[in-house]
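Have a look at the structure below before the remarks.
Numbering (my numbering), first residue to last: 0 to 1107.
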């Protein structure tokens, strides 16, 4: 058991929490305000000029009295109370205090008061104090809720308007009345906040009709808040395009004058910025920023897409370097158009090779109008280049930005110079460093070690140079801003040729970007006679060539001199070419075909010369011979079937000296089995046919010769697939083989392993090498592809045995009571259709669905989503069926409380059903009218807390049901309530009984049901306890048990004080529930849990440290 010390410590901790909690949360028990008892400062005579003696003595409660002598029926006016009631305040009650007495209680006497609001022209009904006393007593007429049977306006309490008429009533004309004080106390509810309502969402640029209501501190519309008010609205922001929102044509944030009638005004909001915000309003004194807030939670949605925005807005970039861009769809106010789903394409002013632009992109809803093209753009050409994005379906949606492209690091060198030069002359070259896109890399500067290539060594052995250094050697060249200095690269070339001058710095080179160079020969300085001597056959002509050359031994095509011949052979029969004058068409070379015949055996010279140039060669002349044999060329050969072989024949003398070609006089043949044909001018061209090794024979003047020829099969020309046509069942295999043939139809053997097989895509199935496993039924084409050579076969696939069924429709929706027809198709394992199986299928549905079957036709009953099952010879299939409620047929009506109290609201629930007792959840439009057998029963159909307004007894179904609040302002027993629509009427399941208002514990504690604390507890009851079953049970039990306890408490002041102290945590809890935000509630709960945890830990440690 805990010690007294621990209990005391725990109670102290709870007390500290109770003391600290008000610092976090102060109960708000505000109800109506009041002026307090206020005295008049003026008076005047009325009927009978009552209180004719010192009437001003009734101005103050000071014991001095105004006197009405013989006051039968006399009246007197009092006014100029100087009330200061806030503008717009709701008048809750008027209390008039009369402190008076009589000179005698003879007769029947009383004193009454009437009130005027228009300076005495019109008066309320009189209220009378009938207490007859000869000593001064206080009479209170009216009270905090007494409005004297009219609705008051604060302006009616001005000194000019408000009057109190006091009348003495007596049946004894000799009665004297004494009045010490006539004071008035006005109870009012000031305007506490402004409330803004309207559509919770709107489109940017659209109009939202706002309603502004002034409410008093009890939440009622402050009907006296009238006339023009200067208001300031806040909340909606300025659009990205600069458009400022307006209220009634006035910019938000500026003063706007709105006229209120009965506490309500309207104004049109035009907002441009897409955002989620709150619309607040203030008149300088009250505003909508209360707790909870009374502002309008507003979502402004963007308008339709009117432009595209490409970002960033240009800038610098490197050539060839990818960068990202963002495309944003915007409305007319530059809000992001989050519903944009168009397709955008890109274009650029940079058309160079290597430019990369994003592919067309279609926006999707999750992108919310913005898409980033990451590293999707590459520009190449240096300088300013534009990128344009355009909607492919709407060219008006476009945007363009400009990027400044700088060259990348040099990736190649470029050689330029004169494209033609003369051998031995100089050519000034220029070397330029360029990036991958061809832009000059201006950072490539300073001395660079370069190596050149291209020009070759001249026939005379002269080597080309760069800056006097042999090509191929390193040359130091100075660069400025990516270009070699002038005259820094001098080429001297000697070989007449067409070549390319290339350069490399060992990292980059000019491959593909070198200088295409043509080197022309220098002037002619020598002649060259070829062949350079040799062997000649006596009496046999031979050919020589004369070539003009420059100093570097290059042929000089421009030579046009005349060449003559001399020889050391003076024998009879010697033949030399006639003098020949070269022409430009000879290009410096002329061949004298069979132009020379030498006779004398041995070494003989032959000289060609013009006037200044010459060349001499030596020839060994051999004796002539009679042909001895022939040789066929080629002696052996291998060809592909169908290819040609050209044969030549050479005759030789007995010493094997060639006697020249004798092909034209030779007769050719080949083994008969070789096939093929002979053709050509000399019939020496053989076209092969059959594969094999064959002997070719030639016969020249009786001299035979042979050659060997091997004919091999040619390349594949066609293929044949087997089997040609076949039929199998779905799921079975078909094996194919392929044989290849050349163009001469020679077999190349089986090529199945290297053939690619396929079948029509719709056939399905699979291939394993040359084996096909079938799937879908039908007649299909099988294709074999061997190195591009195609052959096809036909394959018929029939359906296999049934493995499943398909029920149609697979999903459906009907109304309760409706029917649906199902069909069934049997299919094999690959879903190939076999037959209609409806007649042999047994149908069923979930038991909970009820309904009935007639063969394959189902008639529905209960709403829901159900599974339909079909069983065809043991093969089962299922589909989904959704049954929606049918047409409205009847109602039920229930209540949360059948024992009512005067003016206490309770809840009635109305539910609509179809003919099958399904709740008609699809009904959101039927209007139901509520009626009661009690003429004072009123409803709150508008859910605004105001009962009995026009139309408050009519409510529209929502998902087939609704709740409506009702209350009865008078006592009534066995009250019945009905709900009706059209011809359908339903009565609440039990009659209501009436329970008089009684005094409960809280009322007895605070002495009056009008106490601010009582109002707070009522609000907590209505908003929290009455909204759930446990809470209603607690309230019912409290109402049942509370009255006898309350009567005892009401007569004991000490108990009342104790219970007021005990109710403080309840008041704090109620305030926390009603007046704090969710974050504040969580903070308070966390603090209480932390304090409890600390207390538990402290108590446990204390127990552990207690001596045994």
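The beta-carbon is built from N, C-alpha and C at its ideal position, and this holds for glycine as well.
Item, Value
"Residue 745 classed as buried or exposed, judged by whether at least 16 other C-beta atoms fall within 10 angstroms", "buried"
"Alpha-carbon to alpha-carbon, residue 954 and residue 1016", "29 Å"
"Residue 1051, buried or exposed, once every other Cβ within 10 Å from all chains shown has been counted against 16", "exposed"
"Alpha-carbon to alpha-carbon, residue 936 and residue 287", "34 Å"
"Beta-carbon proximity of residue 598 to residue 570, cut-off 7 Å", "yes"
"DSSP three-state assignment for residue 177, whether helix, strand or coil", "strand"
"Under 7 Å between C-beta atoms of residue 565 and residue 606", "yes"
"Reference residue 650, options 502, 249, 170, 664, closest by Cα", "664"
"Buried versus exposed, by CB contacts within 10 Å (16 or more), residue 26", "Unreliable positioning characterises residue 26 in this predicted model, as indicated by a pLDDT of 33, which lies under 50. The coordinate reading is nonetheless provided below. The residue is buried, with at least 16 neighbouring Cβ atoms inside 10 Å."
"Exposure of residue 162, with buried meaning 16 or more beta-carbon neighbours within 10 Å", "buried"
"Helix, strand or coil at residue 838 [DSSP, three-state]", "helix"
"Reduced DSSP category for residue 1146 - H, G, I as helix; E, B as strand; rest coil", "Residue numbering for the chain in the displayed model covers 0 to 1107; residue 1146 lies beyond these limits and cannot be assessed."
"Limits of the alpha helix (DSSP H) - the one that residue 1071 falls within", "1063–1074"
"Exposure label - residue 952; buried when at least 16 CB within 10 Å", "buried"
"Three-state class that DSSP yields for residue 907 in the structure shown", "strand"
"Secondary structure of residue 272, DSSP reduced to three states", "coil"
"Reduced DSSP secondary structure (H/G/I, E/B, other) of residue 494", "coil"
"Limits of the beta strand (DSSP E) - the one that residue 824 falls within", "822–826"
"The stretch 456–464 contacting the stretch 429–445, beta-carbon criterion three pairs below 8 Å", "no"
"Burial state of residue 516 (16 or more Cβ within 10 Å)", "buried"
"Per DSSP, the bridge partner or partners of residue 449", "474"
"Option in 292, 612, 381 with minimal Cα separation from residue 276", "292"
"Within 7 Å, strictly: CB atoms of residue 409 and residue 507", "yes"
"Boundaries of the beta strand (DSSP E) in which residue 370 is found, first to last residue", "369–376"
"Identity of the residue in 758, 357, 72 nearest residue 773 by Cα", "758"
"Cα-Cα separation between residue 1004 and residue 1048, rounded to whole angstroms", "7 Å"
"Any 3 or more C-beta pairs closer than 8 Å across the stretch 87–103 and the stretch 137–156", "yes"
"Inter-stretch contact at 8 Å, needing at least 3 Cβ pairs: the stretch 386–401 / the stretch 413–421", "no"
"Three-state secondary structure assigned by DSSP to residue 1087", "helix"
"Residue 480 classed as buried or exposed, judged by whether at least 16 other C-beta atoms fall within 10 angstroms", "exposed"
"For residue 281, the three-state DSSP class (helix, strand or coil)", "strand"
"Span separating the alpha-carbon of residue 264 from that of residue 37", "34 Å"
"Nonlocal neighbours in the same chain, by C-beta distance under 8 Å from residue 748, ignoring five residues either side", "738, 739"
"Buried/exposed call for residue 1099, threshold 16 Cβ in 10 Å", "exposed"
"The stretch 99–116 / the stretch 126–136 touching (three or more Cβ pairs under 8 Å)", "yes"
"Same chain, Cβ closer than 7 Å to residue 330, neighbours up to 5 away in sequence not counted", "203, 301, 302, 303, 304, 305, 336"
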